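Trainee: Those sequence lines, one after another, are chains P and Y.
Numbered per the working numbering, the first sequence spans residues 1 to 293.
Numbered per the working numbering, the second sequence spans residues 294 to 586.
Yeah, the Cβ is synthetic: ideal placement off N, Cα and C, and Gly gets one too.
Everything numeric in this text was worked out from a predicted model, so none of it was measured.
I have a structure here, written as structure tokens, and I will follow up with some questions on it.
2 protein chains.
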Amino acid sequence: MAKIAFIGLGNMGGPMAANLCKAQHHVTAFDLSAAAVAAAVEKGAHQAKSAAEAVKEAEIVVTMLPAGKHVREVYEKDVLPNAKKGVLLIDCSTIDVDSARHVAGLAQKAGHEMIDAPVSGGVGGATAGTLTFMVGGSEVSFAKARPILEKMGKNIVHAGDSGNGQAAKICNNMILGISMIAVSESFMLGKRLGLDAQKLFDVASTASGQCWSLTNYCPVPGPVPTSPANRDYQAGFTAAMMLKDLLLAQQAASAAGATTPLGAEAAQLFSLFVNSGHGAKDFSGIIRMLDGK
Amino acid sequence: MAKIAFIGLGNMGGPMAANLCKAQHHVTAFDLSAAAVAAAVEKGAHQAKSAAEAVKEAEIVVTMLPAGKHVREVYEKDVLPNAKKGVLLIDCSTIDVDSARHVAGLAQKAGHEMIDAPVSGGVGGATAGTLTFMVGGSEVSFAKARPILEKMGKNIVHAGDSGNGQAAKICNNMILGISMIAVSESFMLGKRLGLDAQKLFDVASTASGQCWSLTNYCPVPGPVPTSPANRDYQAGFTAAMMLKDLLLAQQAASAAGATTPLGAEAAQLFSLFVNSGHGAKDFSGIIRMLDGK
Numbered sequence: 001m002a003k004i005a006f007i008g009l010g011n012m013g014g015p016m017a018a019n020l021c022k023a024q025h026h027v028t029a030f031d032l033s034a035a036a037v038a039a040a041v042e043k044g045a046h047q048a049k050s051a052a053e054a055v056k057e058a059e060i061v062v063t064m065l066p067a068g069k070h071v072r073e074v075y076e077k078d079v080l081p082n083a084k085k086g087v088l089l090i091d092c093s094t095i096d097v098d099s100a101r102h103v104a105g106l107a108q109k110a111g112h113e114m115i116d117a118p119v120s121g122g123v124g125g126a127t128a129g130t131l132t133f134m135v136g137g138s139e140v141s142f143a144k145a146r147p148i149l150e151k152m153g154k155n156i157v158h159a160g161d162s163g164n165g166q167a168a169k170i171c172n173n174m175i176l177g178i179s180m181i182a183v184s185e186s187f188m189l190g191k192r193l194g195l196d197a198q199k200l201f202d203v204a205s206t207a208s209g210q211c212w213s214l215t216n217y218c219p220v221p222g223p224v225p226t227s228p229a230n231r232d233y234q235a236g237f238t239a240a241m242m243l244k245d246l247l248l249a250q251q252a253a254s255a256a257g258a259t260t261p262l263g264a265e266a267a268q269l270f271s272l273f274v275n276s277g278h279g280a281k282d283f284s285g286i287i288r289m290l291d292g293k
Numbered sequence: 294m295a296k297i298a299f300i301g302l303g304n305m306g307g308p309m310a311a312n313l314c315k316a317q318h319h320v321t322a323f324d325l326s327a328a329a330v331a332a333a334v335e336k337g338a339h340q341a342k343s344a345a346e347a348v349k350e351a352e353i354v355v356t357m358l359p360a361g362k363h364v365r366e367v368y369e370k371d372v373l374p375n376a377k378k379g380v381l382l383i384d385c386s387t388i389d390v391d392s393a394r395h396v397a398g399l400a401q402k403a404g405h406e407m408i409d410a411p412v413s414g415g416v417g418g419a420t421a422g423t424l425t426f427m428v429g430g431s432e433v434s435f436a437k438a439r440p441i442l443e444k445m446g447k448n449i450v451h452a453g454d455s456g457n458g459q460a461a462k463i464c465n466n467m468i469l470g471i472s473m474i475a476v477s478e479s480f481m482l483g484k485r486l487g488l489d490a491q492k493l494f495d496v497a498s499t500a501s502g503q504c505w506s507l508t509n510y511c512p513v514p515g516p517v518p519t520s521p522a523n524r525d526y527q528a529g530f531t532a533a534m535m536l537k538d539l540l541l542a543q544q545a546a547s548a549a550g551a552t553t554p555l556g557a558e559a560a561q562l563f564s565l566f567v568n569s570g571h572g573a574k575d576f577s578g579i580i581r582m583l584d585g586k
């Protein structure tokens, strides 16, 4: 099995590293939090004292970090100067497209293959090993990374060259953020018009209003028993994470010259919701703000 | 079979009346356009010289008119004063909820049963007899109307009391209008980030961005061969009709005290598209405006 360095053992990285251990890979783990490293060791990982040390003997490096600046820093200071020649680099962080392409360019110059492979599926998917990976990078790198990603996820999609994994994720999540608000507005309008939520669900879910936000993640309690609305909007996918992705989309739109009026408005609305103290709630909880609660 | 008066023989009403004729009903037809009446007679309807005359011997009255003011006028001046006691009144127009409830109230006072039964499915669905009807009215009226509606449509949904057919339609179509813009913004952002449209489709259609606007009516050519994008945005469902529904939703939201920020923005964007001379194009053509074309 492969020698894997895993850097970034947070809510997502922790269970992802655990699944690689479970698949009998030799995982050397590092995080700035000693508690996170201890938890990984508990799951079978080997402790590294620094990111540089974790990387030294690795054949594959997996990173799961909060934002573009962390990814740039860790790759520039720790990973690239210390990795053996020809290592496969897999960045699973959700970051801006520009940083992803910048770091992939540096990696290539240093003689490594690198993919960006952001995920969707949340902590539940990370734990169960059922994440979706949206991958940017060459066909060759994608083929090499696939068996590793399959230990952590179920649906592995190649979205094109470097940065396109990030692009696919923010484009998808921009639709998701907007459609969740659309569905929420619709239910709140219906409620005030005297329309029963279940009736509206029955109509829209079989008509042209059908969308994942409605049929898989309905923001009112009742119609979809598994949706967070039935457990007081306990996340799930937090409003803070949705805001992060919508802001990445806005940053990319601004840099690339794309016009995204509803994406911009959705970012503003989630910003209002998060800044009102609801960042840790599930993102579908935004319906309560639209209800005036 | 039933004696049916059919008033309003436009793009939708014409083929709907033809399907009632085909089902061997005795249809007496009226429209302000003599050509529309002649076309209905061609399909087997009997000509009436006025709405009042059409209604006189009818057991069932079906109306398909452009807006609330026409429905109020036709019911107040022609239908209610001339209909026999206990006639079943079916208004298939898409109008504001208030007008629908007002007219239903007048009908009830005059001793008639009335349902609002707006449709979705477009001219294609009207011709093929595969429309969806969203019905507001009593259980009893709904049960009586169902066999008639089934001659014109496939999916007949009872959404609650009077006006709730209209409410369900505008709530559904508000999601539709918003999600079409969301999908369009996403494809245009992806394009500028170098993301192939088919790749984005493959990711989003199997992930949380999935929605009818994407998977059944994709606004870029290619991924969904039957979508209007593949025939230069020939409607389909026109941008003008989408704008009408979004404005009805805004009117209802304003009257009922609902907050619909994305619904409002979608109405503004479709207004811009229609006012730029594209009202007759399919509503998915709004992607070209977002592309700066």
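Can you pull out the residues from the region 498 to 532 of chain Y whose beta carbon lies closer than 8 angstroms to at least one beta carbon of chain P?
Mentor: Listed by position, the residues of the region 498 to 532 of chain Y near chain P (Cβ gap below 8 angstroms) are T499, A500, S501, G502, Q503, C504, W505, S506, L507, N509, Y510.
Trainee: For C464/Y, does the three-state DSSP call read helix, strand or coil?
Mentor: On the second sequence, residue 464/Y is found 171 positions in, with the first residue counted as 1. The answer is helix: DSSP assigns C464/Y an H, G or I state.
Trainee: What residues from chain Y crowd round D202/P, counting only those whose CB sits closer than 7 angstroms?
Mentor: To locate residue 202/P, count along the first sequence from 1; it is residue 202. Under the 7 angstroms cutoff, chain Y gives V450.
Trainee: Hey, does C171/P have any beta-carbon neighbour from chain Y nearer than 7 angstroms?
Mentor: One-based indexing of the first sequence puts residue 171/P at position 171. Cβ-Cβ to chain Y under 7 angstroms: yes for C171/P.
Trainee: With a threshold of 7 angstroms between beta-carbons, can N375/Y be considered close to chain P, or not?
Mentor: Along the second sequence, one-based indexing puts residue 375/Y at 82. No, N375/Y lies away from the interface with chain P (no Cβ there is under 7 angstroms from its Cβ).
Trainee: For L382/Y, collect the residues of the same chain with a Cβ closer than 6 angstroms to its Cβ; drop the 5 residues on either side in sequence, then sort them by chain order.
Mentor: Locating residue 382/Y in the second sequence gives position 89, where the first residue counts as 1. V354, A400, H405, M407, listed in sequence order.
Trainee: Taking F563/Y and G470/Y to be in contact with their CB atoms under 8 angstroms, please state how far apart those CB atoms are, rounded to whole angstroms.
Mentor: The sequence position of residue 563/Y within the second sequence is 270, counting from 1. The sequence position of residue 470/Y within the second sequence is 177, counting from 1. Contact flag correct, Cβ pair sits at about 6 angstroms.
Trainee: Along chain P, which residues have their Cβ under 9 angstroms away from the Cβ of V364/Y?
Mentor: Position 71 of the second sequence holds residue 364/Y. Near V364/Y there are no residues of chain P at all, since even the closest Cβ is about 18 angstroms away, more than 9 angstroms.
Trainee: So, is the C-beta of D196/P closer than 7 angstroms to a C-beta in chain Y?
Mentor: To locate residue 196/P, count along the first sequence from 1; it is residue 196. Output row for D196/P: interface = yes.
Trainee: For the region 517 to 535 of chain Y and the region 188 to 196 of chain P, state whether three or more C-beta atom pairs, one from each stretch, are separated by less than 8 angstroms.
Mentor: The region 517 to 535 of chain Y is not in contact with the region 188 to 196 of chain P.
Trainee: At which residues does the beta strand (DSSP E) containing F237/P begin and terminate?
Mentor: Locating residue 237/P in the first sequence gives position 237, counting from the first residue. Note, F237/P: premise wrong, no beta strand (DSSP E); not H, not E.
Trainee: Determine the contact status of D384/Y and D409/Y, defining contact as a CB-CB distance below 7 angstroms.
Mentor: For the purposes of this step, residue 384/Y is taken as residue 91 along the second sequence, with counting starting at 1. For the purposes of this step, residue 409/Y is taken as residue 116 along the second sequence, with counting starting at 1. Yes, these two residues count as a Cβ contact at 7 angstroms.
Trainee: Between the alpha carbons of K281/P and L358/Y, how many angstroms are there, rounded?
Mentor: Residue 281/P sits at position 281 when you count from the first residue of the first sequence. Residue 358/Y sits at position 65 when you count from the first residue of the second sequence. Answer to the nearest angstrom: the Cα atoms are 45 angstroms apart.
Trainee: Counting only the same chain and skipping the five closest in sequence on each side, list residues whose C-beta sits under 8 angstroms from that of T553/Y.
Mentor: Locating residue 553/Y in the second sequence gives position 260, where the first residue counts as 1. Only M467, A542, Q543, A546 meet the Cβ criterion.
Trainee: Just to confirm the assignment, what range does the beta strand (DSSP E) spanning N304/Y have?
Mentor: Taking the first residue of the second sequence as position 1, residue 304/Y is located at position 11. First-last for N304/Y: undefined, no H or E at that position.
Trainee: Can you tell me whether DSSP reads N82/P as helix, strand or coil?
Mentor: Reading the first sequence from its first residue, position 82 is the one you call residue 82/P. Here N82/P sits in helix by DSSP.
Trainee: Between S431/Y, M445/Y, T423/Y, N304/Y, which has its C-alpha nearest K315/Y's C-alpha?
Mentor: Stepping through the second sequence from its first residue, residue 315/Y is reached at position 22. Ranking the options by Cα distance to K315/Y, first place goes to M445/Y.
Trainee: Can you tell me which of V119/P, N164/P, S284/P, C171/P puts its alpha carbon nearest to the alpha carbon of A104/P?
Mentor: Here residue 104/P is taken as the residue at index 104 of the first sequence, counted from 1. For the residues V119/P, N164/P, S284/P, C171/P, the minimum Cα distance to A104/P belongs to N164/P.
Trainee: For A310/Y versus F299/Y, is the C-beta spacing smaller than 7 angstroms?
Mentor: If you number the second sequence from 1, residue 310/Y lands on position 17. If you number the second sequence from 1, residue 299/Y lands on position 6. Cβ distance < 7 angstroms, so A310/Y and F299/Y count as in contact.
Trainee: Could one say the Cβ of V135/P lies closer than 7 angstroms to chain Y's Cβ atoms, at least one of them?
Mentor: The count along the first sequence starts at 1 and reaches residue 135/P at position 135. Not one chain Y Cβ lies under 7 angstroms of V135/P.
Trainee: Listed from N- to C-terminal order along the chain, which residues in the region 96 to 121 of chain P have their beta-carbon within a distance smaller than 8 angstroms of any beta-carbon of chain Y?
Mentor: From the region 96 to 121 of chain P, only V97, S120 have a Cβ closer than 8 angstroms to chain Y.
Trainee: Of all the CB atoms in chain P, is at least one closer than 7 angstroms to the CB of K537/Y?
Mentor: One-based indexing of the second sequence puts residue 537/Y at position 244. By this cut-off, K537/Y is not an interface position.
Trainee: Skipping 5 residues on each side, what residues in its chain have a beta carbon closer than 7 angstroms to that of Q527/Y?
Mentor: As a working mapping, residue 527/Y is identified with position 234 in the second sequence. Result list for Q527/Y: P521, D575, in chain order.
Trainee: Taking the alpha-carbon positions, what's the A341/Y to Y217/P distance?
Mentor: Here the question's residue 341/Y lines up with position 48 in the second sequence. Here the question's residue 217/P lines up with position 217 in the first sequence. Looking at the two C-alpha atoms, the distance is approximately 51 angstroms.
Trainee: From D389/Y to A360/Y, what does the alpha carbon distance come to, in whole angstroms?
Mentor: For the purposes of this step, residue 389/Y is identified with residue 96 of the second sequence, where counting begins at 1. For the purposes of this step, residue 360/Y is identified with residue 67 of the second sequence, where counting begins at 1. Those two C-alpha atoms are separated by around 8 angstroms.
Trainee: Please work out which residues of its chain come closer than 6 angstroms, Cβ to Cβ, to V513/Y, disregarding the five sequence neighbours upstream and downstream, and give them in chain order.
Mentor: In the second sequence, the residue the question calls residue 513/Y occupies position 220. Once the five neighbours on either side are set aside, the close Cβ partners of V513/Y are F480, A490, A522.
Trainee: Give me the subset of the region 548 to 576 of chain Y whose CB atoms are less than 8 angstroms from a CB atom of chain P, sorted by chain position.
Mentor: Flagged, chain order: A549, G550, A551, T552, T553, P554, L555, G556, E558, A559, L562.
Trainee: Quick one: give me the first and last residue of the beta strand (DSSP E) that I156/P is part of.
Mentor: Sequence index remark: in the first sequence, residue 156/P carries index 156 (1-based). First-last of the beta strand (DSSP E) with I156/P: 153 to 160.
Trainee: Pull up the distance between the alpha-carbon of L262/P and that of T132/P, whole angstroms please.
Mentor: Indexing the first sequence from 1 puts residue 262/P at position 262. Indexing the first sequence from 1 puts residue 132/P at position 132. Those two C-alpha atoms are separated by around 25 angstroms.
Trainee: If you follow the alpha helix (DSSP H) that F283/P is in, where does it begin and where does it stop?
Mentor: Here residue 283/P refers to the residue found at position 283 when the first sequence is read from its first residue. No alpha helix (DSSP H) contains F283/P, which DSSP labels as neither H nor E.
Trainee: Just to make sure I have the definition right: I need the residues of chain P whose C-beta is within less than 7 angstroms of the C-beta of R485/Y. Which are they?
Mentor: Taking the first residue of the second sequence as position 1, residue 485/Y is located at position 192. Those are A256, G257, A258, listed as they occur along chain P.
Trainee: Drop a sphere of 10 angstroms on the beta-carbon of D538/Y, count the other beta-carbons inside from all chains shown, and report buried for 16 or more, exposed for fewer.
Mentor: In the second sequence, counting from the first residue as 1, residue 538/Y sits at position 245. That one is buried.
Trainee: Taking 7 angstroms as the cut-off, decide whether the C-beta atoms of A266/P and N465/Y are in contact.
Mentor: Counting from one through the first sequence, the residue named residue 266/P turns up at place 266. Counting from one through the second sequence, the residue named residue 465/Y turns up at place 172. Their beta carbons are not under 7 angstroms apart, which means A266/P does not touch N465/Y by this criterion.
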